[in-house]
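Q:
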């Protein structure tokens with residue numbers, strides 16, 4: 002089977018001796034080119050014209066003129082049948098691949114673990130906002146995951162968002178988080194522990210206290226006891242230092258960067 006590109010190259014480099022004509026099976030024209038070679042270079046001009054004609058010719062036109070014997074009707078029918086057979090054999094394979102892909106799909110539990118792992122990576126890199134966003138996506142898979150709520154409470158505490166921090170900490174306990182020691186001592190929850198809402202929150206078994214409930218409990222406490230109870234020991238010194246540090250930042254005595262660095266030192 003003759004190639005168009007080969008014919009073009011032969012016409013450009015050796016067309017003056019009729020090489021492209023011999024290649025295309027036109028031997029008489031090839032001999033004529035050799036004869037014209039001795040007549041003031043006419044063969045060079047004809048070869049240039051042939052080169053331009055072959056270069057501009059479409060491939061199907063080239064095949065029709067010079068490869069006609071390779072494209073008879075019987076052979077074309079054979080090619081069509083073979084292509085139909087190949088396409089029909091590929092169709093069931095695609096369906097099988099789709100079915101197998103469905104079987105490989107991960108379970109919700111595996112997806113939840115992947116999301117939680119990504120959130121923990123951001124948390125370890127001090128990217129608390131990104132970690133909180135990923136943990137919230139985990140709640141879309143399982144809204145009653147106590148560990149996710151606890152992690153969100155830590156994130157919002159470190160971002161000093163006490164309302165959301167207390168809410169997720171309460172949800173963590175409500176959904177089964179029972180490590181009370183971790184709640185009272187975890188460094189990431191230090192900001193929540195220095196808030197005025199912390200003591201009522203602890204007394205209410207780590208559930209959010211409404212203003213009405215808080216007022217009623219204070220009234221009962223004042224009638225039954227003469228002196229107010231002392232604050233819990235343990236991390237009091239740390240809480241006092243954090244409050245002082247927060248006050249200095251609010252008064253503009255230290256920058257936010259210094260505040261974060263000192264807070265990490267205290268924790």
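Numbering (our numbering), first residue to last: 2 to 268. Ideal placement from N, C-alpha and C gives every residue a C-beta, glycine not left out.
DSSP state of residue 256, grouped into three classes?
A: Numbered from its first residue, the chain shown carries residue 256 at position 255. The answer is coil: DSSP assigns residue 256 none of H, G, I, E or B.
Q: Does DSSP put residue 59 in a helix, in a strand, or in coil?
A: Sequence index remark: in the chain shown, residue 59 carries index 58 (1-based). DSSP places residue 59 in coil when its eight states are reduced to three.
Q: Rounded to whole angstroms, what's the CA-CA distance from residue 204 to residue 152? Just pull it up for me.
A: In the chain shown, residue 204 corresponds to position 203, counting from 1. In the chain shown, residue 152 corresponds to position 151, counting from 1. Rounded to whole angstroms, residue 204 to residue 152 spans 22 Å at the Cα level.
Q: Which residue spans inside the region 129-180 form an unbroken beta strand (DSSP E) run of at least 3?
A: Taking only runs of at least 3 residues, no beta strand (DSSP E) segment lies wholly in the region 129-180.
Q: Taking only three categories from DSSP, how would you classify residue 242?
A: Here residue 242 is taken as the residue at index 241 of the chain shown, counted from 1. Three-state result, residue 242: helix.
Q: Which term fits residue 89, buried or exposed, when burial requires 16 or more other beta carbons within 10 angstroms of its beta carbon?
A: Looking up residue 89 in the chain shown gives position 88. Exposed.
Q: With DSSP collapsed to three states, give me the class of residue 84.
A: For the purposes of this step, residue 84 is taken as residue 83 along the chain shown, with counting starting at 1. If DSSP states are grouped into helix, strand and coil, residue 84 belongs with the helices.
Q: Using a 10 Å radius around the Cβ and a threshold of 16 neighbouring Cβ atoms, would you call residue 29 buried or exposed?
A: As a working mapping, residue 29 is identified with position 28 in the chain shown. Exposed.
Q: At the level of alpha carbons, what is the spacing between residue 108 and residue 149?
A: Indexing the chain shown from 1 puts residue 108 at position 107. Indexing the chain shown from 1 puts residue 149 at position 148. Cα-Cα distance, rounded: 18 Å.
Q: Please work out which residues of its chain come closer than 7 Å, Cβ to Cβ, to residue 138, disregarding the five sequence neighbours upstream and downstream, and give them in chain order.
A: Here residue 138 is taken as the residue at index 137 of the chain shown, counted from 1. Counting only Cβ-Cβ distances below 7 Å, and skipping sequence neighbours, we find 116.
Q: Apply the 10 Å Cβ neighbour rule to residue 16 and answer buried if 16 or more other Cβ atoms are within range, or exposed otherwise.
A: Translated into positions along the chain shown, residue 16 becomes position 15. Residue 16 should be labelled buried.
Q: Can you tell me whether DSSP reads residue 251 as helix, strand or coil?
A: Position 250 of the chain shown holds residue 251. In the structure shown, residue 251 sits in a helix (DSSP, three-state: H, G or I).
Q: Going by Cα to Cα distance, which pick from 56, 145, 182 is closest to residue 175?
A: Position 174 of the chain shown holds residue 175. The option with the nearest alpha carbon to residue 175 is 145.
Q: Thinking C-beta only, is residue 44 closer than 9 Å to residue 53?
A: If you number the chain shown from 1, residue 53 lands on position 52. If you number the chain shown from 1, residue 44 lands on position 43. Contact: no.
Q: Assuming residue 154 and residue 166 form a contact by the criterion Cβ under 8 Å, report the distance between their Cβ atoms to the nearest whole angstrom.
A: One-based indexing of the chain shown puts residue 154 at position 153. One-based indexing of the chain shown puts residue 166 at position 165. At roughly 5 Å, the Cβ-Cβ gap stays under 8 Å, so residue 154 and residue 166 are in contact.
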